[in-house]
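In the numbering used here, the protein residues as written are 1 to 125.
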């Protein structure tokens with residue numbers, strides 16, 4: 001575990017908003033002034049590939065990152081873009097293993113996302 005990865009993990013643990021790479025970079029740069037944006041991007045991708053963090057793709061193409069690697073649902077605000085963990089268990093229905101459609105695929109994972117307006121944006125409408 002490099003010093004950069006330790007600080008990246010720290011940044012993700014401290015954030016409840018599932019930050020994009022540039023926000024992680026800003027945090028890391030305060031602790032390690034000589035770090036480059038490319039180093040942060042490469043480490044985030046490596047940590048994602050090694051299962052250390054989760055990468056969340058958003059409709060606008062921005063990638064966000066989450067330290068919590070357990071299966072859990074997310075809520076994305078359509079107005080401000082904030083992504084939050086939903087604070088209770090929600091389980092997606094299981095796919096029937098008898099289904100021909102399922103049998104023809106190798107399903108590795110699933111995600112559950114809800115979207116709408118967050119508390120702050122909803123109170124402004």
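All C-beta atoms in this analysis are idealised placements derived from N, C-alpha and C, irrespective of residue type, glycine included.
Three-state secondary structure assigned by DSSP to residue i
i: residue 100; result: helix
i: residue 57; result: strand
i: residue 63; result: strand
C-alpha gap between residue i and residue j, whole angstroms
i: residue 123; j: residue 22; result: 28 Å
i: residue 56; j: residue 18; result: 8 Å
i: residue 4; j: residue 125; result: 41 Å
i: residue 100; j: residue 91; result: 23 Å
i: residue 43; j: residue 80; result: 27 Å
i: residue 97; j: residue 2; result: 42 Å
i: residue 106; j: residue 28; result: 37 Å
i: residue 89; j: residue 110; result: 15 Å
i: residue 14; j: residue 108; result: 29 Å
i: residue 115; j: residue 87; result: 15 Å
i: residue 85; j: residue 103; result: 31 Å
i: residue 12; j: residue 94; result: 30 Å
i: residue 127; j: residue 51; result: In the structure displayed, the chain extends from 1 to 125; residue 127 sits before or after that span and is not available.
Among the options, nearest to residue i - alpha-carbon criterion
i: residue 37; options: 10, 96, 63 and 25; result: 25
i: residue 69; options: 62, 49 and 102; result: 49
i: residue 16; options: 35, 67 and 93; result: 67
i: residue 119; options: 89, 46 and 82; result: 82
i: residue 78; options: 104, 102 and 58; result: 58
i: residue 113; options: 103, 30 and 72; result: 72
i: residue 63; options: 39, 75, 9 and 45; result: 45
i: residue 54; options: 61, 60 and 65; result: 65
Integer-rounded CB distance, given that residue j should sit under 8 Å from residue i
i: residue 40; j: residue 8; result: 7 Å
For the region 65-119, list the alpha helix (DSSP H) runs that are entirely contained and at least 4 residues long, ordered along the chain. 100-103
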